[in-house]
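Working notes, beginning with the structure itself.
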Amino acid sequence: MNTILEVAQLKKSFGGLHVLRDINFDLNENEIIGLIGPNGCGKSTTFNILAGNLDADNGSIKLYNQELIDLPPYQRNLLGLSRTYQNTRLWRNLTVIENLMVTPKNQIGARSLPSLFKRKAFRKQEKDLLDKAYSTLEFLEITHMANNLTSELSGGQSKLVDLARVLMSDPKVLMLDEPVAGVAPPLAEKIFQKVREMREQLNISVIIIEHNMDFILRKGVDRIFVMAAGVVIAKGRPDEIKEMSSVIEAYLGE
Amino acid sequence: MVKSDILGKLKSIFTNEKNKQNKIFSYRRFTFNIFLIVLILILVIQIYFKINKLDGILTIDIMSVLLLTLLYSAIFLSLALGLNLTYKILGFANFSHAEFLTIGGYFAIFLQLTPWFTKSIDGAPEGILREHLLIYAMIIGFFGTGLIAVIIDYLVYRPLRKRDAKPDTMMIASLGVALVIRGLLYVRFTGANSYFVPPEGEIIEVHELKTIKIRIFLGSKFFDSELVKTGSGCVGTILCTFNFKDLFWFLIKIIILTTILLFIFINYTKTGKAMRAVADNVDLAASSGINVERIRILTWFIGGGIAGMAGVVWSALFKISPITGSIYLLAAFAVIVLGSIGSLEGGVIASLIIGFARALSYPILAGLGNPLNRNAMSSYVDVIPFAILILILLFYSDGIGERIKQRKIELARIELRNAELGIVTHKSFIKRFFNQFFMELQFGIIKFIAIITFLSKYIINPLKQVKTKFIIMLSPLTNIITLSIQNIKNIIYKLRKTISRKFGKYSLNNFQPFSSRYPMGLRDESFQNNLFILFIIFILILILNLPASNEDNRRMIFLLGFFITWIIFAILALSLNFHTGITGLVNFGVVFFAGIGAITTSLYSFHNKNIFIGINISPFIGIILGTILAFVIGYLLAYPTIKLRSDYFAIVTISISEILRIMLNVEPFLRTRRAGDTTTSPGISEYSLPLNDWWMKAYPKEEIPYNAILFIIAIILFAIVFLLSQLFLNSPYGRILKSIREDEEVTETYGYNVFKYKAIALAIGGAMAALAGGIWAWYLTNVFPDLLTAATSTFLVWAAFVMGGKGNNKGMIVGSGIIILTDYTFRFLTNLRTTGESNWFIGMVDWIFRLIVVDIGGNLFGKATISETLSDDVHVNLIYLQVALVGLMIIIGMIRFEKGFIPEKSYRPRQSSNIVKQEMYTKAMDDLREREGIDA
């Protein structure tokens, strides 16, 4: 198993508020890891730093041995890093299909000059991307909403579209921030199943922030990192984590 | 340490990196930086003067500067208070706020001309302002303007809120409101200045103000200065006149008192707390039992009232004209952005900073003007608030008040940590002492207010009982009124139901050919196309039937002029659509880029070489140069503005277009010297027009007017711009721009360099507008500063953009057509009036006006209100009626057609290469139709 993502000694503080003190974890190829911990321990901040929305005070992030600190967010994505948000952020006045067509990388016609002069090329590419988009929607079973504006979708459908959109971007490392928050159990089950299918069929590695212990401890992840108060207090396989007293203490208090 | 700090800051401005240093804001460092910048400026001026062997004297009158600082700060603060309130609590930038000041001023003038008001108070003759009259006028001005603000909210902003309108929509609607108010004020009071004169026979006291003048010598003597103590201190003519001294300090005291009262109200009363709650989170406030609508009404009342009250005092001091308030509007925005929106403390500091800068810059600019050969240099004084704003936004992209707030939070956090760790520094000890003191003070104030509230119960409770008794007494009457209103509403409802039942089958929605062929209604592409063609035909029919002249040639000139103007505005609207409709950059400075195009085109095609920079090359090269220049400037504009939020960005765009307008007035290379003259006048003229020589040779007597060939050139350019816009929009590039509009942070995390995209979008849109500017320069044959006035140019383009359909290029053609048609119609009507002919429309409008103003108003308020403000021949100024009408169109456009006539086309791709996928697509469309039914 080779390590594709290494996060070492991440520090972040907002003035006197030290959110991250010393975060270390790693991700292997084709693995699903879970990042869990009580509220306020810094999970979303870690994601923001990984994605580039925030700057870390200290530490290093290596993706395929390339240092990510100092790279702007768009370059991190071009290396294969994609994320979703806890509160789904879709592009609201665009249709579902349009949302999916923005994210694929290296599109012809994505810059101003090619959009004028390479029209034949991108028309062909458009057809291929449309196929892929419909297949993705089919994979997530929401084809009937393809032509709606995303502002017209329900919460659960938005989450599925978000997942579809992130899949279209050919990610190598996928960061899911609470992918089933506020979603009814049957749909949550379906989403988790799709995540597992993604790992098998598409060879993606996944980091999940989740509070749903059922998935984390029983069915889904290969390894878990437990965070509390800005440090990783435990790591290991689910069966190991379940027993650790430090984890139980962190979640339930003394 | 200081140097690296500044270098680091400079670097972070001009790259798109986030500012890596999250240092705490320090007052010391801030004032030091300002000091440093001023010092550098002085040094640069001195060196420049030395090198060019120029000579100059700056005379700074300390007392004058101090008093003017107070004056400007007071005015800015009075506007900033209300503006902050509405911005924070209602959530949008109100561009009509300054009109409240003007309204207040006219309240004062109007009341003073009303005999029963002046007589009932003290019996002084009309038109004379006495101190106690001023107090009453202020009270009436406060309540009256507050009431007007509430009514406007009910008519305009509440319907928008009910439709969940975005803040940008409300901001644009407020633009419309400002135009309506200003237009109506012009119509009623004309553009003349109104002011108060001292009563006959009263001696004007000249006040001796002791002052110190500093004379700074530039150039010849390096940094020499001289202090001159003078006794005479007529600080400008106004400060010497009747009663001014008392009135002046009265204004200052009123503003200070208002600020303190407002501060106490917001921070220490229950209602104030409710207002802060609504400002923070509306839904949470509503579910906590706060009546949110009532808070909003109160906000409008207070905000408008304060501005109105300030307007009353202003009219006592200075003159009032319909544009008085609007002159200070943009500066007021600069103030609240500088102080951070919503922060009262920040607003106070910012008012003082900008007031001081404005007061100080006048003598400095006046002194610099002569040696630098710019007669009108002091016009730049209006630019100072904008320049300061832009400078500060460069370093503090959220404004100063935000930084101060963060500083307090950070210091509190550090305090907490120090307390946890047991660290006590002498600073923290002193701080704790003072904190204790202030907490006690706060508690003291709260106790004080509690006691007053308790005691006032003895007054308020009996009053409440009286009020209840009164209400009970009146209840039969109120019942009748409520019942009759309900009855009327019922009747109207039943009427509408009957009409829709009887005639409903003819409504557009149920019209069968439409509904079956265009099941998606307005969102269907082919329906939009047909609608577009219909609109164009409609506009063409209207314009071709507008009675111009019957002479063929003049009619052709008229029509050609119309079409050329339509093309110019269509291109401007396309540019605005590219910036705002597609990419989401709210650009209120369309006219800036157009101005660059106009100026460059005209400057580079002079045929007489009497000007500093004009070169005689082909006008075609000129326009190409102008387009390229606008492209580059648009791109560069992205650098300092990337971190700004959309409304701050909008204000910066207004600022730069104002700066360009004033530059056109002042800079010598932008003025024309006519042959034989020794002076220059603003504006560029006498430049060559494209293909003019060739045309004049072919048609020396202008059998076919020159504008015909200009029309052909224009329409070719328009076709190019339209084609480009469509190609950009319907491509992956356009999709990415739209995603940036919706949520740019997400777009960035999907692999797109958002900064680059925005910069290129600014550049492309700017180039388009510059092209329009070039055509404009050719059409008008003169480039005058007034061309760049936002009120006439940018707002017209915005009206076209809004009505036509944000995001839709064809909509831009329709919207600009409508706006230009209205413009031409009114201009034609005004022409009729000057030639003495009449017209049923003019007659009707005049009649209505006379009825309201003279017959009703004159009788209610006295003859003097008519004779002093209007000419003897009471008629309606149609030009300004048009301004009001444009404003009304913007408002109605925002309320009724938020999406515009031709809404944005959604991406619903028809084809797919695979039969299976095609079936999926068809099924998706069927599902959509089934679910949506026949919809609009």
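Just so you know, the protein sequences line up as chains A and B, in that order. Taking this note's numbering, the leading residue of the first sequence gets 145, the next gets one more, and so forth. Taking this note's numbering, the leading residue of the second sequence gets 186, the next gets one more, and so forth. No residue lacks a Cβ here, since even glycine has one placed at the ideal position from N, Cα and C. In this text, all values refer to a predicted model and were calculated from it rather than measured experimentally.
Burial state of B:I666 is exposed, judged by a 10 Å Cβ sphere holding fewer than 16 other Cβ atoms. The beta-bridge partner set that DSSP reports for A:V370 consists of A:I180 and A:A378. At a cut-off of 3 residues, the continuous stretches assigned as beta strand (DSSP E) that sit fully inside the stretch 161 to 218 of chain A are 161 to 172, 176 to 180 and 202 to 207.
Annotation: the continuous beta strand (DSSP E) that includes B:T244 extends over G241 to D246.
With the rule of 3 Cβ pairs closer than 8 angstroms, the stretch 249 to 264 of chain A does not count as touching the stretch 291 to 301 of chain A.
Per the DSSP secondary-structure output, B:N967 pairs in a beta bridge with B:S870.
For B:D567, no beta strand (DSSP E) segment is defined, and its DSSP state is neither H nor E. For A:R381, the nearest beta carbon of chain B is not closer than 7 angstroms to its own beta carbon. B:N994 and B:K923 have their C-alpha atoms some 14 angstroms from each other. Its chain contains T932, Y937 and Y942 as the residues whose beta carbon lies nearer than 8 angstroms to that of B:I921, once the 5 sequence neighbours on both sides are disregarded; these appear in chain order. Your pair B:A948 and B:F763 does not check out as a contact, with CB atoms roughly 10 angstroms apart and the cut at 8 angstroms. The beta carbon of B:L757 sits no closer than 7 angstroms to any beta carbon of chain A.
Excluding five sequence positions before and after B:A542, the CB atoms of its chain that fall closer than 7 angstroms to its own CB belong to I569 and I573, given in chain order. The beta carbon of B:V335 lies closer than 7 angstroms to those of I482, W485 and F486 in the same chain, with the five residues before and after it left out. Counting the other Cβ atoms within 10 Å of the Cβ of B:S669 gives fewer than 16, which makes it exposed. Take A:K262, set aside five residues on each side of it, and the residues of its chain with a beta-carbon closer than 7 angstroms to its own are I252 and G253, in chain order.
In the DSSP annotation of this structure, the continuous segment of the alpha helix (DSSP H) that includes B:Q231 starts and ends at Y212 to I236. Interface residue (Cβ-Cβ distance to chain B less than 7 angstroms): A:A290 is classified as such. By the neighbour-count criterion, in which 16 or more other beta carbons inside 10 Å mark a residue as buried, B:E625 falls on the exposed side. Residues are counted here when their Cβ sits less than 8 angstroms from a Cβ of chain B; for the stretch 247 to 266 of chain A these are T247, K249, Q251, I252, G253, A254, R255, S256, P258, S259, L260, R263 and F266, given in chain order.
B:S359 sits in a helix when the DSSP states are folded into three classes.
Using a Cβ-Cβ cut-off of 7 angstroms, B:R617 does not count as an interface residue toward chain A, since no Cβ of chain A sits closer than that to its own. Contact annotation, B:G584 with B:I288: C-beta distance approximately 28 angstroms; criterion of less than 8 angstroms not satisfied.
The shortest C-alpha to C-alpha distance from B:L340 to any of B:K351, B:M355 and B:A957 is the one to B:M355. At a Cβ-Cβ threshold of 7 angstroms, B:G807 and B:S790 count as neighbours.
Counting along the chain, no beta strand (DSSP E) covers A:L284, and no H or E run does either.
A:E150 carries a strand assignment under DSSP once its states are collapsed to helix, strand and coil. Secondary structure at A:L223: coil, using DSSP grouped into helix, strand and coil. Less than 7 angstroms separates the beta-carbon of A:L281 from that of A:A308.
Under the DSSP definition of a beta bridge, A:K155 partners with A:N202. Residue pairing by DSSP places B:D349 opposite no residue, since no beta bridge is assigned to it.
Of the residues assessed, B:I539 falls on the buried side of the cut-off, its CB having 16 or more other CB atoms within 10 angstroms.
In the same chain as B:G819, and ignoring 5 residues on each side of it, the C-beta atoms closer than 6 angstroms to its own belong to L947, A948 and G951, in chain order.
Among the residues facing chain B, A:R165 is not included, as its CB has no counterpart in that chain under 7 angstroms away.
For the pair B:A962 and B:A783, the CB atoms are nearer than the 7 angstroms cut-off.
In this structure, the CA atom of B:I900 is about 36 angstroms from the CA atom of B:S281.
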